[in-house]
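Chemist: For the sequence shown, this note's numbering begins at 423 and goes up steadily by one.
Cβ atoms here follow ideal geometry from the backbone N, Cα and C, with glycine treated the same way.
Keep in mind that this is a model prediction, so the values were computed, not measured.
Let me give you the structure first, and then I'll get to my questions.
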Amino acid sequence: MQANGTLDNSGALTLPSAAKRLKFSVHSRRGAHGGTQLVQASVGEIEFVGRSDGDENANTQPCCYALGVFSPAEGKLQLTAVASERLFRLDSRLQGLVYAPTGAGGDEDASAYAARKAAARRLVDEFGSTRRRRQMTAREQGVVAADRISGGEAVKEMLGGVAAAGQAAGRTKEEVQRMAFERRTIPPHNPSATTAWEAYPLELLLSPKASGQVVGNEVAAVRSRGSAVESELHTGQIYKLAEDAAELAKAREKNWLHPYVLSRLSALQALKSMPDDQLQMGRFKRRAKYLALLAALLRLESKPRLGIKAEGLEGLAKDLRLKQPLAELLLGKFYNRTDDPVHGPRYERPDALKALLLSYILAVAVVAEDGVLDKEQFEDLRAALKMDASKLSAALVQLGCSTKAGKVKVLREGREVEVPAYSASLLRNPDPRAPDAKTLAKSFPELRMDRPKAGGKK
423 MQANGTLDNS GALTLPSAAK RLKFSVHSRR GAHGGTQLVQ ASVGEIEFVG RSDGDENANT
483 QPCCYALGVF SPAEGKLQLT AVASERLFRL DSRLQGLVYA PTGAGGDEDA SAYAARKAAA
543 RRLVDEFGST RRRRQMTARE QGVVAADRIS GGEAVKEMLG GVAAAGQAAG RTKEEVQRMA
603 FERRTIPPHN PSATTAWEAY PLELLLSPKA SGQVVGNEVA AVRSRGSAVE SELHTGQIYK
663 LAEDAAELAK AREKNWLHPY VLSRLSALQA LKSMPDDQLQ MGRFKRRAKY LALLAALLRL
723 ESKPRLGIKA EGLEGLAKDL RLKQPLAELL LGKFYNRTDD PVHGPRYERP DALKALLLSY
783 ILAVAVVAED GVLDKEQFED LRAALKMDAS KLSAALVQLG CSTKAGKVKV LREGREVEVP
843 AYSASLLRNP DPRAPDAKTL AKSFPELRMD RPKAGGKK
């Protein structure tokens, strides 16, 4: 509605005769979480309706409002204060027609809601303060949405299957929760393994259907599916970089691989220098494959969202520098495909899959070092992932690693300083084939089922 008018000597707004005929009525409804007001104004056959719970009042407004009234005849804009911080946007209606509900209480379909939510997020990202962006992020993280719990129904089915299997096998509550935890946050693994590479073998990590612990009759089928994808890794590139110093220098210059992966090639070169030792050559080939997978995982880690171009999956695989079968596998594991109303179809990684990707990266990084990370390697990995040292240590412990706190010297702003770091090891059994050798299942941290009581006592 546009109204022309002036201010009289007392400061009151003087409206033209058409606006004077407006009849306002205010309706109020009080609920458990506050009240809602509805304002209705009519002039002739036109009505204006507004609500107090519209988008304008979604958040507390730290400012005051003024009403500007422009007079074309005088060419003046008169301002008057609005005696309330709550705005009512009046939508025009013709009498006799039925309109859909409007305002925050109106019905929206899924696409309209998603579009409005995306628009609000863009506005906050573009113009909002740091505090406002944090508030919106915290509010979004507090919502239990399907894309944040590894795909709603899939998680229900997974946990239901775990519970049913546990009940049938007579397992305890602790055992059932451990199974659910492993299925959710730990990469596919062999719980009876006594060495690092047997704990997280490539065939399990690259299997499309594998999750959690893989035992019994399913092992052979899962390993077979994973072996088919293993050949899609860029292992040949790792071999070449480990053997050719000029190619390695070029890779660093052109950023062909993640810097952390490139930093690990010197250890690989040492193994390559012993071609007559079959055991060392076996380690060389195995570690090269894990480094090739680690390079692919770290490339994905830096890309929480991936737009789908006209070329589809083929173009996306090319952008990621991955072979298409491997790209398809990893996108399916660590992303959800969505149809964004603003950006179009794309892959997005929710928080649940972000945690799973981190677990994959850490498991592969540890196995690529034969199950041992010294403090310097730990610090390099921490810097690559931009994580806090204690949080990285805790994440490694969840995978079955044992860690030991220490210090490491690093260069910061041209000065050498000591920073907290950890050493980590996974299944370093003196004799892995001994009957009493520690298994991966025994290396996982114990679950604490009860919350500590006040005072620190259980």
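Quickly, what does DSSP pair Asp741 with across the bridge? List them, please.
Modeler: Mapped onto the sequence shown, residue 741 falls at position 319. Per DSSP, none; premise fails for Asp741.
Chemist: Provide the residue span of the alpha helix (DSSP H) that contains Pro681, from first to last.
Modeler: The count along the sequence shown starts at 1 and reaches residue 681 at position 259. 681-685 is the span of the alpha helix (DSSP H), which, as asked, contains Pro681.
Chemist: What do you reckon, are the CB atoms on Val786 and Leu716 nearer than 8 Å?
Modeler: Locating residue 786 in the sequence shown gives position 364, counting from the first residue. Locating residue 716 in the sequence shown gives position 294, counting from the first residue. Closer than 8 Å, so yes.
Chemist: Using C-beta distances below 7 Å, list every residue in its chain close to Lys694, excluding the 5 sequence neighbours before and after it, in chain order.
Modeler: Indexing the sequence shown from 1 puts residue 694 at position 272. Answer for Lys694: Ala664, Glu665, Phe706, listed in chain order.
Chemist: In the segment 664-728, which residue ranges form an unbroken alpha helix (DSSP H) of at least 4 residues, counting only runs that do not cross its ends?
Modeler: Those alpha helix (DSSP H) runs which fall completely within the segment 664-728 and span 4+ residues are 667-676, 681-685, 687-694, 700-723.
Chemist: Return helix, strand or coil for Arg570, following the three-state DSSP convention.
Modeler: In the sequence shown, the residue the question calls residue 570 occupies position 148. Any reading at Arg570 must be qualified, since the residue scores a pLDDT of 46, below 50, and its modelled position is unreliable; no value is offered.
Chemist: Which partner residues of Ala463 appear in the DSSP bridge assignment?
Modeler: The sequence position of residue 463 within the sequence shown is 41, counting from 1. DSSP lists Phe446, Phe470 as partners of Ala463.
Chemist: Spatial neighbours of Ala632 within its chain, please: CB distance less than 6 Å, with the 5 preceding and 5 following residues excluded, ordered by chain position.
Modeler: To locate residue 632, count along the sequence shown from 1; it is residue 210. Pro610, Leu626, Val644, listed in sequence order.
Chemist: Checking 8 Å against the spacing of the C-beta atoms, do Ala618 and Val819 come in under that value?
Modeler: For the purposes of this step, residue 618 is identified with residue 196 of the sequence shown, where counting begins at 1. For the purposes of this step, residue 819 is identified with residue 397 of the sequence shown, where counting begins at 1. For Ala618 and Val819, no; Cβs fall outside 8 Å.
Chemist: With respect to the alpha helix (DSSP H) encompassing Tyr844, which residues constitute its N-terminal and C-terminal limits?
Modeler: Working through the sequence shown from its first residue, we reach residue 844 at position 422. First-last for Tyr844: 837-847, but that is the beta strand (DSSP E), not the alpha helix (DSSP H).
Chemist: Helix, strand or coil, according to DSSP, for Glu770 in the structure here?
Modeler: Translated into the one-based positions of the sequence shown, residue 770 becomes position 348. Correct three-state label for Glu770: strand.
Chemist: What span of residues does the alpha helix (DSSP H) with Asp802 cover, start to end?
Modeler: By 1-based counting over the sequence shown, the position of residue 802 is 380. Segment 797-807, the alpha helix (DSSP H) holding Asp802.
Chemist: Where does the unbroken alpha helix (DSSP H) through Gly754 begin, and where does it stop?
Modeler: To locate residue 754, count along the sequence shown from 1; it is residue 332. Run containing Gly754: 746-756, per the alpha helix (DSSP H) assignment.
Chemist: Less than 8 Å between C-beta atoms, sequence neighbours within five positions excluded: which residues of the same chain meet that for Lys912?
Modeler: The structure shown does not extend to residue 912, since the chain is modelled only from 423 through 880, so no value can be given for it.
Chemist: List the whole-angstrom C-beta distance separating Leu775 from Phe756, where the pair is believed to meet the contact cut-off of C-beta under 8 Å.
Modeler: Stepping through the sequence shown from its first residue, residue 775 is reached at position 353. Stepping through the sequence shown from its first residue, residue 756 is reached at position 334. Right, the Cβ-Cβ distance comes to about 5 Å (below 8 Å), so this counts as a contact.
Chemist: With distances taken Cα to Cα, identify the nearest neighbour of Arg923 among Leu821, Ser824, Gly793, Leu780.
Modeler: Since the displayed the chain opens at 423 and closes at 880, residue 923 lies outside it and no answer follows.
Chemist: Once you ignore the five residues that flank Glu669 on each side, which residues in its own chain have a CB closer than 8 Å to its CB?
Modeler: The residue labelled residue 669 in the question sits at position 247 within the sequence shown. The residues are Lys662, Leu663.
Chemist: Using C-beta distances below 6 Å, list every residue in its chain close to Pro767, excluding the 5 sequence neighbours before and after it, in chain order.
Modeler: The sequence position of residue 767 within the sequence shown is 345, counting from 1. Cβ neighbours of Pro767 beyond the five flanking positions: Ile730, Asp761.
Chemist: To the nearest angstrom, how far is it from the Cα of Glu801 to the Cα of Ala859?
Modeler: Here residue 801 refers to the residue found at position 379 when the sequence shown is read from its first residue. Here residue 859 refers to the residue found at position 437 when the sequence shown is read from its first residue. Those two C-alpha atoms are separated by around 29 Å.
Chemist: Going by the beta-carbon positions, is the gap between Glu467 and Leu516 smaller than 8 Å?
Modeler: Looking up residue 467 in the sequence shown gives position 45. Looking up residue 516 in the sequence shown gives position 94. Yes. Within cutoff.
Chemist: Starting from Ser812, trace the alpha helix (DSSP H) both ways and give me its first and last residue.
Modeler: Locating residue 812 in the sequence shown gives position 390, where the first residue counts as 1. Note, Ser812: alpha helix (DSSP H), 811-820.
Chemist: Rounded C-beta distance between Ala710 and Leu690? I'm assuming under 8 Å.
Modeler: Here residue 710 refers to the residue found at position 288 when the sequence shown is read from its first residue. Here residue 690 refers to the residue found at position 268 when the sequence shown is read from its first residue. Confirmed, about 6 Å.
Chemist: With 16 as the cutoff for other CB atoms within 10 Å, does Thr616 come out buried or exposed?
Modeler: Position 194 of the sequence shown holds residue 616. Thr616 should be labelled buried.
Chemist: Can you check which of these residues, Thr657, Thr458, Gln500, is closest to Lys745 by C-alpha distance?
Modeler: Position 323 of the sequence shown, counting from 1, holds the residue named residue 745. For the residues Thr657, Thr458, Gln500, the minimum Cα distance to Lys745 belongs to Thr657.
Chemist: Just the C-alpha distance for Val636 and Ala718, rounded to the nearest angstrom, thanks.
Modeler: For the purposes of this step, residue 636 is taken as residue 214 along the sequence shown, with counting starting at 1. For the purposes of this step, residue 718 is taken as residue 296 along the sequence shown, with counting starting at 1. Going from the Cα of Val636 to the Cα of Ala718 covers about 23 Å.
Chemist: Mind checking Val764: buried by the 16 CB within 10 Å criterion, or exposed?
Modeler: As a working mapping, residue 764 is identified with position 342 in the sequence shown. Classification for Val764: exposed.
Chemist: Measuring alpha carbon to alpha carbon, tell me which residue in Pro726, Lys740, Pro747, Ile783 is nearest Arg759.
Modeler: Translated into the one-based positions of the sequence shown, residue 759 becomes position 337. When each option's Cα is compared against that of Arg759, the closest is Pro726.
Chemist: With Glu845 and Lys826 assumed to form a contact (beta carbons below 8 Å), what rounded beta-carbon distance in angstroms separates them?
Modeler: Stepping through the sequence shown from its first residue, residue 845 is reached at position 423. Stepping through the sequence shown from its first residue, residue 826 is reached at position 404. The amino acid at residue 845 is misidentified as Glu; the sequence shows Ser. Indeed, because the Cβ distance is near 5 Å, the residues count as touching under 8 Å.
Chemist: Measure how close the beta-carbons of Phe510 and Ser464 come, nearest whole angstrom, since I'm counting them as under 8 Å.
Modeler: The count along the sequence shown starts at 1 and reaches residue 510 at position 88. The count along the sequence shown starts at 1 and reaches residue 464 at position 42. Not confirmed; about 15 Å, so no contact.
Chemist: According to the neighbour-count rule (16 or more other Cβ atoms, all chains shown, within 10 Å of its Cβ), is Leu720 buried or exposed?
Modeler: To locate residue 720, count along the sequence shown from 1; it is residue 298. So Leu720 counts as buried.
Chemist: Are Ser865 and Ser847 touching if we call contact CB-CB under 8 Å?
Modeler: Position 443 of the sequence shown, counted from the first residue, corresponds to residue 865. Position 425 of the sequence shown, counted from the first residue, corresponds to residue 847. Cβ distance not < 8 Å, so Ser865 and Ser847 don't count as in contact.
Chemist: Give me the residue from Ala843, Pro623, Leu752 with the minimum Cα distance to Met809.
Modeler: Counted from its first residue, the sequence shown places residue 809 at position 387. If we check each option's Cα against that of Met809, Ala843 comes out closest.
Chemist: By a C-beta neighbour count over all protein chains shown, 10 Å radius and 16 as the cutoff for buried, is Leu700 buried or exposed?
Modeler: As a working mapping, residue 700 is identified with position 278 in the sequence shown. Looking at the sequence provided, one finds Gln at residue 700 rather than Leu. Gln700 is exposed by the Cβ-count criterion.
Chemist: Taking the C-alpha atoms as reference points, what is the distance between Arg909 and Thr861?
Modeler: Residue 909 cannot be examined here, being either before or after the span of the chain that is shown, 423 to 880.
Chemist: So, under 8 Å CB-CB, Ala488 and Leu499 are touching, yes? Tell me the CB distance rounded to an integer number of Å.
Modeler: Locating residue 488 in the sequence shown gives position 66, counting from the first residue. Locating residue 499 in the sequence shown gives position 77, counting from the first residue. No, Ala488 and Leu499 are not in contact; Cβ-Cβ is about 11 Å, not under 8 Å.
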